[in-house]
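Visitor: Residue numbers for the sequence shown follow the working numbering, beginning at 29 and rising by one. Even for Gly, the Cβ is constructed at its ideal location relative to N, Cα and C. Everything numeric in this text was worked out from a predicted model, so none of it was measured. Got a structure here, written out as structure tokens. Questions coming.
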Amino acid sequence: MKRNILRGLTLLLCISLTLEGSDSSVRERLMGAAYLDNQAYHLLEEMTDRFGGRITGSKSNEQSLIFLQEALEREGIESRQEPFSFPGWVRGKDEAILIEPVKRPLRAIGLGYVQPHPSFAAEVTLIDKAKEEEITVELKGKIGLVPASVKLSTKTIDLFAKERGLKGLLLINRKNGGQLLARTQHREGSPSPIPIFSITEEEGHWLKRLIERGDAPSVQLTTRSETKPMRTANLVATLPGRVSEKVVIGAHFDSWDLGQGALDNGLGIVQAYDVARLLKTIHPDNHYTLEFVWFNAEEFGLYGSYAYIEKHKNEPIRSMINLDMVGDPIGINAMGFDSLIPFLEGFSEQLKALSFKRAMDNKPWNGGDHMPFILTGIPSITLYAPIKEESSRFYHDFGDTFDKVDETTLSKSIAIISLLAYQLSNNHKLHLPRLNRDETIALLRKAKLENSLRESGYWPFPD
Ligand SMILES: [Zn+2]
């Protein structure tokens with residue numbers, strides 16, 4: 029009981045500190061303007077309709093980046109491109125054609141880092157287990173069909189290709205409705221040894237039934253996509269504070285090419301834009317510096333956020349907020365950084381009436397632009413902000429288009445993110461130390477992330 033009272037008092041103190049460090053009229057102006065003066069929605073509509081998806085290395089990506097830069101400039105916000113090199117990939121006309129028992133093209137796409145490969149036809153066999161030793165069927169000269177529930181690691185695929193003579197892979201998508209799932213196969217940008225395709229759930233299950241009936245379906249694969257070194261750029265805009273210590277607000281800029289990348293991550297692009305604009309207009313004089321960063325080449329393997337950290341890691345980065353597919357924010361995640369907890373509890377408390385009902389999370393997750401920051405020990409924040417299944421189901425496919433964006437939810441997310449950015453960049457009583465190497469390793473181990481980081485090639489600490 030006593031503990032509860034103490035905890036309540038600490039929380040009240042934190043809220044009053046948060047509010048004192050801010051001032052409630054700024055809070056209300058920021059949040060009101062996010063709803064009444066939202067520019068994000070129309071900016072996103074224009075960008076996605078004029079330029080389409082923003083796969084890194086494409087003209088669409090370059091043009092969209094300049095479009096964003098010009099929009100910032102109109103608001104008096106200067107931005108700069110920071111170029112970097114990475115192993116790029118260009119989609120060619122990859123084809124999968126069912127040959128037996130009937131001839132027809134399959135709806136399929138090559139995965140990232142698939143290489144040019146001349147046409148060949150082969151029998152399709154089922155790979156329904158993830159562990160190499162559990163797959164006892166003959167793979168030599170065959171194309172493997174993999175159900176959505178089976179996750180083959182890059183290592184296993186390489187082994188199947190090199191030691192067991194597997195010739196290609198068809199990965200069945202996890203969503204129905206003729207959808208595909210664009211993504212990279214080889215995380216470190218190394219070329220895939222065999223053609224690997226995403227195929228629809230419907231056609232995948234058709235093939236599976238044929239195999240189970242003993243009808244030995246055969247498929248012809250051709251790949252023309254190609255890995256090649258590329259140069260691209262992150263976009264960076266700085267709102268100087270009274271001190272050089274800074275809070276980074278990041279969102280990945282690139283998307284896949286099949287749709288418009290409106291949700292993934294058009295949302296994050298325009299959220300960061302509008303938060304920068306609102307702060308510049310309503311409260312330009314902040315204690316800490318705010319740095320807005322649009323990371324490129326995230327979808328190919330977080331290349332932009334790694335390039336940013338490589339360039340800026342010795343600067344006093346105090347904290348980072350990552351905006352990736354932020355829909356309707358109902359909670360927040362301290363990502364394992366205990367130093368953030370009192371502040372984020374106070375922050376959440378103010379938003380309870382605005383549907384911030386979920387208890388705070390404190391667990392990092394793998395696979396976003398926050399990862400290079402976390403690996404550098406920088407306290408990082410993500411929002412728990414779901415997007416309705418009827419829209420999010422189009423993730424990484426043709427249906428990720430502007431019509432899925434909900435204007436009111438977008439306004440609400442901008443209201444919440446701008447408040448977060450404002451309070452985080454003005455709360456100078458909050459001590460946010462950067463974790464050292466051992467503390468960072470402890471944080472990752474506690475979250476059971478070591479294995480997945482090692483498997484995906486992101487574990488940076490030598491043994
Ligand atoms: Zn994303």
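Determine the extent of the beta strand (DSSP E) in which Tyr412 is found, giving its start and end residues.
Guide: Counting along the chain, the beta strand (DSSP E) containing Tyr412 begins and ends at 408-412.
Visitor: With DSSP run on the structure shown, which of helix, strand or coil describes His145?
Guide: His145 falls in the strand class under three-state DSSP.
Visitor: To the nearest angstrom, how far is the alpha carbon of Gln67 from that of Asp302?
Guide: For Gln67 and Asp302, the distance between alpha carbons rounds to 7 angstroms.
Visitor: Following the continuous beta strand (DSSP E) through Phe320, name the residue where it begins and the one where it ends.
Guide: Element bounds for Phe320: 316-323.
Visitor: Considering only residues of the same chain and omitting the five flanking positions on each side of Glu73, which have a CB-CB separation below 7 angstroms?
Guide: Phe430.
Visitor: Going by Cα to Cα distance, which pick from Leu286, Leu460, Asp397 is closest to Asn262?
Guide: Of the candidates Leu286, Leu460, Asp397, the one whose C-alpha sits nearest the C-alpha of Asn262 is Asp397.
Visitor: Could you check the C-alpha separation between Ala136 and Phe95 for me, to the nearest Å?
Guide: Cα to Cα, the separation comes out at about 32 angstroms.
Visitor: How would the residue list near ligand 1 read, in chain order, if you kept each one whose beta-carbon is closer than 5 angstroms to any heavy atom?
Guide: The filter returns Asp292, Asn293, Asp352, in chain order.
Visitor: For Ile345 versus Val264, is the C-beta distance shorter than 7 angstroms?
Guide: Contact flag unset, no.
Visitor: Asn350 and Gly287: beta carbons closer than 7 angstroms?
Guide: Contact: no.
Visitor: For the segment 409-419 and the segment 353-369, state whether three or more C-beta atom pairs, one from each stretch, are separated by less than 8 angstroms.
Guide: These segments touch.
Visitor: Please look up how many angstroms separate the CB atoms of Ala335 and Asp282, rounded, as I've assumed it's under 8 angstroms.
Guide: Not a contact, Cβ separation roughly 13 angstroms.
Visitor: Return the chain-ordered list of same chain residues with a C-beta closer than 6 angstroms to the C-beta of Phe422, the five sequence neighbours on each side being excluded.
Guide: Contacts found: Asp428.
Visitor: Could you compute how far the alpha carbon of Asn479 sits from the alpha carbon of Glu56?
Guide: The alpha-carbon atoms of Asn479 and Glu56 are separated by roughly 44 angstroms.
Visitor: The beta strand (DSSP E) spanning Gly359 covers which residue range?
Guide: Where Gly359 is concerned, the enclosing beta strand (DSSP E) stretches over 359-361.
Visitor: Quick test of the definition: if touching needs 3 or more C-beta pairs under 8 angstroms, does the segment 243-255 touch the segment 150-168?
Guide: The segment 243-255 vs the segment 150-168: in contact.
Visitor: Check for me: the beta strand (DSSP E) holding Ala443 runs from which residue to which?
Guide: Taken as a continuous stretch (DSSP letters only), Ala443 belongs to no beta strand (DSSP E), being part of the alpha helix (DSSP H) at 435-452.
Visitor: Is it right to say Phe489 is buried, meaning 16 or more other beta carbons lie within 10 angstroms of its own, or is it exposed?
Guide: By the neighbour-count rule (16 or more Cβ atoms within 10 Å), Phe489 is not buried but exposed.
Visitor: Are the Cβ atoms of Gln299 and Ser441 separated by less than 7 angstroms?
Guide: For Gln299 and Ser441, yes; Cβs fall inside 7 angstroms.
Visitor: Using CA coordinates, which residue listed in Ser439, Arg78, His456, Asn89 is at the minimum distance from Arg259?
Guide: The option with the nearest alpha carbon to Arg259 is Asn89.
Visitor: In chain order, what residues of the same chain have a beta carbon less than 8 angstroms from the beta carbon of Gly169, not counting five sequence neighbours either side?
Guide: Contacts found: Ala150, Glu151, Gly193, Lys195.
Visitor: Please report how far the alpha carbon of Phe401 lies from the alpha carbon of Leu463, in whole angstroms.
Guide: Each residue's Cα considered, the two are about 11 angstroms apart.
Visitor: Can you look up Ala158 in the DSSP assignment and give me helix, strand or coil?
Guide: Reduced to three states, the DSSP call for Ala158 is coil.
Visitor: Per DSSP, what kind of secondary structure is Gly49 in: helix, strand or coil?
Guide: Residue placement at Gly49 is poorly supported in this model, since its pLDDT is 45, which falls under 50; the coordinates are not used for a value here.
Visitor: Taking 7 angstroms as the threshold (C-beta atoms), are Arg132 and Leu126 in contact?
Guide: Against a cut-off of 7 angstroms, the Cβ pair of Arg132 and Leu126 comes out as a contact.
Visitor: Starting from Asn262 and walking both ways along the beta strand (DSSP E), at which residues does that stretch end?
Guide: Asn262 -> beta strand (DSSP E) spans 254-267.
Visitor: DSSP state of Leu126, grouped into three classes?
Guide: Correct three-state label for Leu126: strand.
Visitor: What span of residues does the alpha helix (DSSP H) with Met75 cover, start to end?
Guide: Per DSSP, Met75 belongs to the alpha helix (DSSP H) from 68-79.
Visitor: Can you name, in chain order, every residue of its own chain whose Cβ lies under 8 angstroms from the Cβ of Glu160, other than the five neighbours on each side?
Guide: Excluding residues within five positions, the ones whose Cβ falls inside 8 angstroms are Thr184, Leu187, Phe188.
Visitor: Please state whether DSSP places His233 in a helix, a strand or coil.
Guide: Three-state result, His233: helix.
Visitor: Confirm, please, whether the CB-CB distance from Asp122 to Ser2 is below 7 angstroms.
Guide: Nothing about residue 2 can be reported from this structure: the residues present for the chain run from 29 to 491 only.
Visitor: At what residues does the beta strand (DSSP E) containing Gln109 begin and finish?
Guide: It spans 107-118 - the beta strand (DSSP E) in which Gln109 sits, taken as one unbroken run.
Visitor: Under a Cβ-count criterion, where at least 16 other Cβ atoms within 10 Å of its own Cβ denotes burial, should Val321 be classed as buried or exposed?
Guide: By the neighbour-count rule (16 or more Cβ atoms within 10 Å), Val321 is buried.
Visitor: Give every residue of the same chain whose Cβ lies closer than 8 angstroms to the Cβ of Val165, excluding the five residues on either side of it in the sequence, and list them in chain order.
Guide: If we look at Val165 and ignore the five residues flanking it on each side, its Cβ neighbours are Thr153, Leu154, Ile155.
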